[in-house]
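Numbering (our numbering) for the sequence shown: 1200 to 1420.
A virtual CB, placed ideally from N, CA and C, is assigned to each residue, including glycine.
Every value quoted in this text rests on a predicted model; they were computed, and no experiment measured them.
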Amino acid sequence: MIDLRDHKPFASGGNRHCYRHPLEPELCVKIMRRGRIAELRGRAPWYKGLLSDRRFDDNEREVEGYAQPALRNAGTSSPVWQHLPRWYGIQETSEGPGAVSQLIVDSDGQPAPTLEDYLKIHGLDAPIQGALARFSDWLRETRVLTKNILPHNLVVRSEDGQPELYLIDGLGSASFLPLAELFDHFSRRYIERRILRMWKRIHWEVSDKSLTWKEAERRRQ
Ligand SMILES: Nc1ncnc2c1ncn2[C@@H]1O[C@H](COP(=O)(O)OP(=O)(O)OP(=O)(O)O)[C@@H](O)[C@H]1O
Ligand SMILES: [Mg+2]
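Put into structure tokens, the structure is as follows:
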């Protein structure tokens, strides 16, 4: 059992708190925010309210995401790990079930900044455009399925003097993507759409944000 009492998260998203593992500092432990599952369930349309609590649990979604065909049997030297934290499953903690994965750190040993942070400081500069192109090619080659790719769900680590991106949240889950999982043609199309949307969101992120993301999203490319 991982004891997280007296420990503070190093970062938090809308749904989960992220801790550094107290005994293994190279690991990240994610815990659902207290009361969040009930809150999400309450906000969902009535027919989704019929689903079990597990459907609203991001840790459960992550288990499914890592169980997708492209990742299920990937060996330790597989290229799938070039842009993804390694996965160590759900482990019991003092704060409830924890999703344990590799903590992506920068050269100073601190958790790597998000792409959202990077864009605020550097904008869409040439090094990060290169990193985004390599990340997109990796999606195409490995066929890793993701949900919409958001800048706060990518972190940036410098490797051999150039930035590289890691997707730390938002792997696709099998139950939502049955066609993409089954058929080559659907998975290619699905991945190209995720890449286009990722760029659209990034261009919005570095814009003056005079449009809301919802408005920008509706506009044609
Ligand atoms: N493996 C990791 N390595 C380094 N930093 C991480 C890692 N996982 C998460 N983080 C940091 O913690 C933050 C929150 O994590 P995460 O996105 O998994 O939480 P979430 O609540 O599920 O997110 P969302 O708000 O997108 O639903 C990230 O934005 C990132 O800064
Ligand atoms: Mg997130």
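| query | Residues in its own chain within less than 7 Å of ARG1339 by CB, not counting five upstream and five downstream? | reply | ILE1390
| message | Between the alpha carbons of GLY1248 and ARG1240, how many angstroms are there, rounded? | response | 6 Å
| request: List in chain order the residues whose CB is within less than 5 Å of at least one heavy atom of ligand 2. | output: GLY1212, ASN1352 and ASP1368
| request: Answer yes or no: the CB of ALA1237 versus the heavy atoms of ligand 1, is any distance below 7 Å? | output: no
| Does the Cβ of LEU1362 have 16 or more other Cβ atoms within 10 Å, making it buried, or fewer, making it exposed? | Note on identity: in this sequence residue 1362 is Pro, with Leu being the wrong assignment. So PRO1362 ends up on the buried side.
| field | Proximity of PRO1221 and ILE1236 at Cβ, strictly below 8 Å | value | no
| query | Since SER1293 and LEU1203 are thought to touch, with beta carbons under 8 Å apart, how far apart are those beta carbons, to the nearest angstrom? | reply | 5 Å
| Going by DSSP, what residues sit across from GLN1361 in a beta bridge? | Per DSSP, GLU1358.
| Of the residues SER1211, ASP1205 and ASP1336, which one's Cα is nearest the Cα of VAL1279? | ASP1336
| query | If LEU1353 and LEU1344 are in contact, beta carbons under 8 Å, what's the gap, nearest whole angstrom? | reply | About 16 Å; that fails the 8 Å criterion.
| Comparing the CB of ASP1257 with every heavy atom of ligand 1, is any distance shorter than 7 Å? | Residue side-chain check: ASP1257 places its Cβ nearer than 7 Å to a non-hydrogen atom of ligand 1.
| task | Quick one: residues in its chain with C-beta nearer than 8 Å to the C-beta of TRP1412, no 5 flanking neighbours on either side, listed in chain order? | result | ARG1400 and TRP1403
| said: Using the three-state DSSP reduction, which class does PRO1221 fall into: helix, strand or coil? | reply: coil
| field | Alpha-carbon to alpha-carbon, GLY1297 and MET1231 | value | 8 Å
| Among the residues of its own chain, which have a CB less than 7 Å from the CB of ASN1258, if the five just before and after it don't count? | LYS1229, MET1231, ILE1289, PRO1296 and ALA1298
| query | Which stretch, first to last residue, makes up the alpha helix (DSSP H) that contains GLY1241? | reply | 1235 to 1242
| task | Could you tell me which of ALA1269, ASN1272, PRO1244 and GLY1213 sits nearest to ASP1256, measuring between CA atoms? | result | Comparing alpha carbon positions, the residue from ALA1269, ASN1272, PRO1244 and GLY1213 closest to ASP1256 is GLY1213.
| query | Taking Cβ to Cβ, would you say GLY1322 is nearer than 8 Å to VAL1405? | reply | yes
| C-beta atoms of PRO1284 and THR1313 nearer than 8 Å | no
| task | Note down, in chain order, each residue of its chain lying with its Cβ closer than 7 Å to the Cβ of PHE1334, except the 5 sequence neighbours on either side. | result | HIS1282 and LEU1364
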